[in-house]
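Residue numbers (the numbering used here), protein chains in the order written: chain H, 543 to 906; chain X, 543 to 906.
Protein chains: 2
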Amino acid sequence: MTARTLTVALGQRSYPIHIGAGLLGEAALYRPALRGRQVLVVSNDTVAPLYLERVRAALEGLEVDSLQLADGEAYKTLTTLGTIYDRLLERAYARDCAIVALGGGVVGDIAGFAAATYQRGVDFIQVPTTLLAQVDSSVGGKTGVNHPLGKNMIGAFHQPRAVIADTATLSTLPERELRAGLAEVIKYGLLGDAEFFDWLEANMEALLARDGEALALAIHRSCADKARIVAADEREAGQRALLNLGHTFGHAIETGVGYGRWLHGEAVAAGMCMAAELSHRLGWLEASSVERARALIERTGLPVAPPPGLGAAEMQRLMGRDKKVAGGRLRLVLLRGIGHALVTADFDAAALSAVLQDFAQRAA
Amino acid sequence: MTARTLTVALGQRSYPIHIGAGLLGEAALYRPALRGRQVLVVSNDTVAPLYLERVRAALEGLEVDSLQLADGEAYKTLTTLGTIYDRLLERAYARDCAIVALGGGVVGDIAGFAAATYQRGVDFIQVPTTLLAQVDSSVGGKTGVNHPLGKNMIGAFHQPRAVIADTATLSTLPERELRAGLAEVIKYGLLGDAEFFDWLEANMEALLARDGEALALAIHRSCADKARIVAADEREAGQRALLNLGHTFGHAIETGVGYGRWLHGEAVAAGMCMAAELSHRLGWLEASSVERARALIERTGLPVAPPPGLGAAEMQRLMGRDKKVAGGRLRLVLLRGIGHALVTADFDAAALSAVLQDFAQRAA
Numbered sequence: 543m544t545a546r547t548l549t550v551a552l553g554q555r556s557y558p559i560h561i562g563a564g565l566l567g568e569a570a571l572y573r574p575a576l577r578g579r580q581v582l583v584v585s586n587d588t589v590a591p592l593y594l595e596r597v598r599a600a601l602e603g604l605e606v607d608s609l610q611l612a613d614g615e616a617y618k619t620l621t622t623l624g625t626i627y628d629r630l631l632e633r634a635y636a637r638d639c640a641i642v643a644l645g646g647g648v649v650g651d652i653a654g655f656a657a658a659t660y661q662r663g664v665d666f667i668q669v670p671t672t673l674l675a676q677v678d679s680s681v682g683g684k685t686g687v688n689h690p691l692g693k694n695m696i697g698a699f700h701q702p703r704a705v706i707a708d709t710a711t712l713s714t715l716p717e718r719e720l721r722a723g724l725a726e727v728i729k730y731g732l733l734g735d736a737e738f739f740d741w742l743e744a745n746m747e748a749l750l751a752r753d754g755e756a757l758a759l760a761i762h763r764s765c766a767d768k769a770r771i772v773a774a775d776e777r778e779a780g781q782r783a784l785l786n787l788g789h790t791f792g793h794a795i796e797t798g799v800g801y802g803r804w805l806h807g808e809a810v811a812a813g814m815c816m817a818a819e820l821s822h823r824l825g826w827l828e829a830s831s832v833e834r835a836r837a838l839i840e841r842t843g844l845p846v847a848p849p850p851g852l853g854a855a856e857m858q859r860l861m862g863r864d865k866k867v868a869g870g871r872l873r874l875v876l877l878r879g880i881g882h883a884l885v886t887a888d889f890d891a892a893a894l895s896a897v898l899q900d901f902a903q904r905a906a
Numbered sequence: 543m544t545a546r547t548l549t550v551a552l553g554q555r556s557y558p559i560h561i562g563a564g565l566l567g568e569a570a571l572y573r574p575a576l577r578g579r580q581v582l583v584v585s586n587d588t589v590a591p592l593y594l595e596r597v598r599a600a601l602e603g604l605e606v607d608s609l610q611l612a613d614g615e616a617y618k619t620l621t622t623l624g625t626i627y628d629r630l631l632e633r634a635y636a637r638d639c640a641i642v643a644l645g646g647g648v649v650g651d652i653a654g655f656a657a658a659t660y661q662r663g664v665d666f667i668q669v670p671t672t673l674l675a676q677v678d679s680s681v682g683g684k685t686g687v688n689h690p691l692g693k694n695m696i697g698a699f700h701q702p703r704a705v706i707a708d709t710a711t712l713s714t715l716p717e718r719e720l721r722a723g724l725a726e727v728i729k730y731g732l733l734g735d736a737e738f739f740d741w742l743e744a745n746m747e748a749l750l751a752r753d754g755e756a757l758a759l760a761i762h763r764s765c766a767d768k769a770r771i772v773a774a775d776e777r778e779a780g781q782r783a784l785l786n787l788g789h790t791f792g793h794a795i796e797t798g799v800g801y802g803r804w805l806h807g808e809a810v811a812a813g814m815c816m817a818a819e820l821s822h823r824l825g826w827l828e829a830s831s832v833e834r835a836r837a838l839i840e841r842t843g844l845p846v847a848p849p850p851g852l853g854a855a856e857m858q859r860l861m862g863r864d865k866k867v868a869g870g871r872l873r874l875v876l877l878r879g880i881g882h883a884l885v886t887a888d889f890d891a892a893a894l895s896a897v898l899q900d901f902a903q904r905a906a
């Protein structure tokens with residue numbers, strides 16, 4: 543098994559990301575990230591039947607317990623979090639224990655938040671099994687749960703001690719989730735890596751066909767792009783916000799349609815199209831670049847507009863609740879070109895309204 | 543109004559502690575700690591009627607909302623925390639908002655944890671109104687809630703941006719809470735400040751009589767002692783654990799009798815007597831020092847043994863669940879002298895059992 547390894551450089555909190563086929567069964571990748579002997583593997587009822595036993599085998603000799611959550615964003619709640627706390631306390635997990643998240647972004651976010659807050663913080667290892675989690679949510683230390691009134695509104699920064707991204711798990715990933723993960727991959731190209739965007743235009747068919755080498759390369763490049771941004775701005779005081787390209791629109795879509803109806807990546811895909819269009823209306827982005835973004839997203843089989851029925855006024859209201867609101871002003875990630883994003887609150891509100899109206903009509 | 547101000551030195555997260563009579567109405571102390579305009583004051587139904595209006599007046603001109611929790615440790619739960627999140631989301635609080643905790647340790651811990659986790663962390667100001675909170679829980683950034691199976695088992699480190707300790711609030715503090723707060727004051731003397739312990743022996747009657755100058759001096763000295771330890775070890779990798787003198791025993795007592803039956807300081811007082819006795823049995827502490835500790839605690843009107851009915855076996859079981867357990871071994875804070883504590887897992891388990899038996903008999 544060949545692994546590509548890169549490092550998220552955060553001083554004492556630095557950690558490796560291992561990428562390769564078959565890695566989740568490699569004991570040697572877990573051991574350096576464990577301090578104590580108690581390990582709780584948190585997974586869900588879709589992923590556990592496929593991979594839990596191999597992870598358990600890799601942890602042999604330790605005190606390993608596991609917990610299976612119900613699968614889906616709808617369960618990323620304080621209530622589910624409570625079931626993790628209950629298990630940790632019932633089994634008297636000590637402060638030197640570790641939590642392993644085996645699954646997609648939902649499992650990683652919620653298990654990570656449990657790790658961030660159990661006894662004010664315990665060790666945490668991410669074993670992402672979806673493309674979305676491998677290229678995005680498992681890297682960077684954002685953890686949390688949803689609230690009925692907003693996505694990811696409750697959470698903490700808590701870096702994992704290692705990320706083990708086993709690309710072989712993508713062979714069992716549903717088609718729709720593969721495409722949703724590719725939305726975040728495209729995002730890295732759009733926001734700061736024009737060369738990667740070019741590569742994606744040339745290789746999207748190989749990625750959709752799950753070509754192992756193409757996927758490994760895309761995951762590595764995405765993680766490297768993200769790791770660089772996170773290392774420079776761990777707690778999102780500045781440029782880390784660039785990673786939210788498409789997300790303010792996307793979160794509004796996810797909330798508007800109800801959690802779990804659209805996948806996160808699908809909402810982000812439509813959101814990136816909206817961000818590109820707004821950038822164009824503001825005179826910052828050429829029409830040809832808007833079209834390149836839209837075309838690649840469409841070729842990936844992703845939505846390029848919000849769903850029917852979600853009106854412009856409702857979108858605007860939901861966007862106003864976004865975390866990127868500061869001092870009452872909505873900040874957005876917009877584009878000055880392919881591979882060149884910026885965070886700004888300095889845009890014409892009328893242009894935003896026009897874009898929301900425009901997309902609401904496209905959807906209808 | 544004269545204020546003593548000292549600083550908790552934590553680099554970018556450094557913050558002032560202001561101590562003095564009447565300070566909670568001083569607008570100038572809040573303003574440097576606020577970045578945005580939205581402020582949620584979290585208090586409880588005992589403290590709010592006394593002081594909320596004055597805090598609101600000090601925040602005039604900002605968007606101020608308030609939330610009153612039920613008073614008591616029994617409400618330091620995930621459920622109560624949920625009511626704070628609900629309010630923040632219902633009113634669309636943005637990431638640059640601030641939470642002000644007006645009350646004792648319970649309000650500070652839970653409001654602080656809400657601040658630590660709302661949108662992955664927002665600003666937080668502590669306005670402690672009990673002696674316990676002024677000398678201990680408001681300083682150092684420990685936040686959290688209880689779980690039915692353990693106290694403070696869920697939480698985060700999140701430093702406040704300022705602590706405003708208004709000593710005038712102590713005039714309305716119930717006698718029992720004053721004494722409980724003095725337990726933590728005595729703790730600072732015992733664990734690392736022999737000179738302060740001497741001073742407390744000479745001035746306990748003045749403190750119990752609520753002499754303003756004596757109280758201000760004791761609070762300042764306690765905060766200075768704590769600030770020095772926290773600055774050296776923010777996340778309790780080492781010497782910060784010294785602050786837990788009496789707490790492993792104390793938490794077991796609190797859990798054993800049921801939250802809220804004993805005040806935290808009362809449990810810590812009995813716990814310090816037990817730690818001193820164990821230190822003596824191990825040959826580390828002179829009998830005369832055990833007696834000095836016990837005598838001062840008794841003069842303060844605090845318990846010097848666990849309550850009747852809490853057996854040695856149950857104490858031992860509950861202590862095993864403590865956060866200070868590492869690698870399956872219980873670590874305790876013990877004493878080598880008045881003003882000289884150490885953290886160790888290297889003690890004779892039989893001596894601990896003997897001490898637990900001994901105190902269970904004293905209580906019966």
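Every residue, glycine too, gets a C-beta built ideally from N, C-alpha and C.
Query                                                                                                                                                           : Result
Would you call the region 689-698 of chain X and the region 724-733 of chain X touching, i.e. three or more CB-CB distances under 8 angstroms?                  : no
When we look at the beta-carbon of T672/H and count the other beta-carbons within 10 Å, is it buried (16 or more) or exposed?                                   : buried
Which term fits R777/H, buried or exposed, when burial requires 16 or more other beta carbons within 10 angstroms of its beta carbon?                           : exposed
What whole-angstrom Cβ distance do R555/H and K684/X have, given they're in contact under 8 angstroms?                                                          : About 20 angstroms separates the two Cβ atoms, so there is no contact after all.
Exposed or buried, which one is S764/X when buried takes at least 16 other CB atoms within 10 Å?                                                                : buried
Output yes or no for whether 7 angstroms exceeds the beta carbon distance between A887/X and R873/X.                                                            : yes
Using a beta-carbon distance cut-off of less than 9 angstroms, what residues from the region 628-642 of chain H approach chain X?                               : D628, L630, L631, E632, A634, A636, R637, D638
Under 7 angstroms between the Cβ atoms of D708/X and L565/X?                                                                                                    : yes
If you measure between the beta carbons of D767/X and D735/X, is that distance less than 7 angstroms?                                                           : yes
Is L674/X near L733/X, with beta carbons less than 7 angstroms apart?                                                                                           : no
Which residues in chain H sit within 9 angstroms of K684/X, going by Cβ to Cβ distance?                                                                         : R662
Could you confirm whether any beta carbon from chain H is found closer than 7 angstroms to the beta carbon of F699/X?                                           : yes
At a CB distance below 7 angstroms, what residues from the region 594-626 of chain H approach chain X? Give them in sequence order.                             : L620, G624
Name the chain H residues that come within less than 7 angstroms of A658/X, Cβ to Cβ?                                                                           : A698
Residues in the same chain with beta-carbon distance under 6 angstroms from C639/X, minus the five sequence neighbours each way, listed in chain order, please. : G578, Q580, V664
Using DSSP's beta-bridge definition, name the partner residues of H882/H.                                                                                       : G879/H
When the cut-off is 7 angstroms and only beta carbons count, does L552/X lie next to chain H?                                                                   : no
Run through chain X and tell me which residues come within less than 8 angstroms of L750/H, C-beta to C-beta.                                                   : Residues of chain X passing the Cβ test: none, with the nearest at roughly 34 angstroms.
Jot down the residue ranges of each uninterrupted alpha helix (DSSP H) in the region 750-792 of chain X, minimum 4 residues, whole runs only, in chain order.   : 754-774
Going by C-alpha distance, which of S895/H, R752/H, Q701/H is nearest T714/H?                                                                                   : R752/H
Look at the Cβ atom of L750/X, then the Cβ atom of A794/X, and state whether they are nearer than 7 angstroms.                                                  : no
Excluding the 5 residues flanking A653/H on each side, which residues of the same chain have their C-beta closer than 6 angstroms to its C-beta?                : V584, I641, A643
Thinking C-beta only, is I561/H closer than 7 angstroms to I880/H?                                                                                              : no
If F901/X and M816/X are in contact, beta carbons under 8 angstroms, what's the gap, nearest whole angstrom?                                                    : 6 angstroms
Distance, Cα to Cα, V687/H vs A704/H?                                                                                                                           : 21 angstroms
Suppose contacts are defined by Cβ-Cβ distances below 7 angstroms. Is I626/X in contact with A656/X by that definition?                                         : yes
Taking the CB atoms as reference points, tell me whether A905/X and A855/X lie closer together than 7 angstroms.                                                : no
Using a C-beta cutoff of 7 angstroms, does G692/H count as contacting chain X?                                                                                  : yes
Below 7 angstroms on C-beta distance, what does H689/X contact in chain H?                                                                                      : Y627, L631
DSSP has S585/X in a bridge; who is on the other side?                                                                                                          : Q610/X
Whose Cβ in chain X lies nearer than 9 angstroms to the Cβ of G654/H?                                                                                           : Those do not exist, as G654/H stays about 11 angstroms from chain X at its closest Cβ, beyond 9 angstroms.
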